[in-house]
């Protein structure tokens, strides 16, 4: 086999790897939030002022919880995907905030359409210290929205949605977090 043949084989193999990497990256980004046909507002089923739909979720610690069991508390309900770069950035920031000061409200994060294993790996990677559950069939998420993560629902003690953020934005995250702190005093 000549040098030119070996070079051509290596070149084709490298091109395949590059194409596959670009394709995989595009899939991850598309699965996170990017759908130009819909706006975040169009895909929101539960808005500020609405009563948050009740649900039962299995937590990573093996227990289950319901939203109604948290009645009387301020709850930050977070929907996310482990593959979503915005979600990864948001959780890194949330964990940084929590490390500085334990929140005075309940934080409950739910992975959308993912396995327990993927969610556990994500939770360990980001050192998450609050409750995390899984919604593998999206039955919980689909009651709140149709697209876009991360989504943060601030739920007041009466079960009413007091604030909502869609997609990760540093300032919006800090504003909703501060509102949750004020409401839980």
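Numbering (my numbering), first residue to last: 11 to 195.
Positions of the beta carbon are idealized from the N, C-alpha and C atoms, including for glycine.
Quick one: give me the first and last residue of the beta strand (DSSP E) that residue i is part of.
i: residue 116; result: 116–122
i: residue 161; result: 161–165
i: residue 189; result: Segment 180–193 is the alpha helix (DSSP H) holding residue 189; no beta strand (DSSP E) there.
i: residue 61; result: First-last for residue 61: undefined, no H or E at that position.
If you run the structure through DSSP and keep just helix, strand and coil, what is residue i?
i: residue 145; result: strand
i: residue 68; result: strand
i: residue 75; result: strand
i: residue 16; result: helix
i: residue 25; result: helix
I'd like to confirm the pairing. Which residues does DSSP put opposite residue i in its beta bridges?
i: residue 89; result: 120 and 161
i: residue 54; result: 155
Alpha helix (DSSP H) containing residue i: first to last residue?
i: residue 172; result: Run containing residue 172: none in the alpha helix (DSSP H); it sits in the beta strand (DSSP E), 171–176.
i: residue 108; result: 95–110
i: residue 128; result: 126–135
(Q) Using 8 Å as the cut-off, can you tell me whether the region 76–95 makes contact with the region 153–164, which would need three or more C-beta pairs spanning the two stretches below that distance? (A) yes
**Q.** contact_flag[the region 51–63, the region 121–137] where n(CB pairs < 8 Å) is 3 or more
**A.** no
(Q) Tell me whether the region 109–117 and the region 181–194 touch, counting them as touching only if at least three CB pairs, one residue from each stretch, are closer than 8 Å. (A) yes
Q) How do the region 139–151 and the region 120–131 stand: do at least 3 beta-carbon pairs fall below 8 Å, yes or no? A) yes
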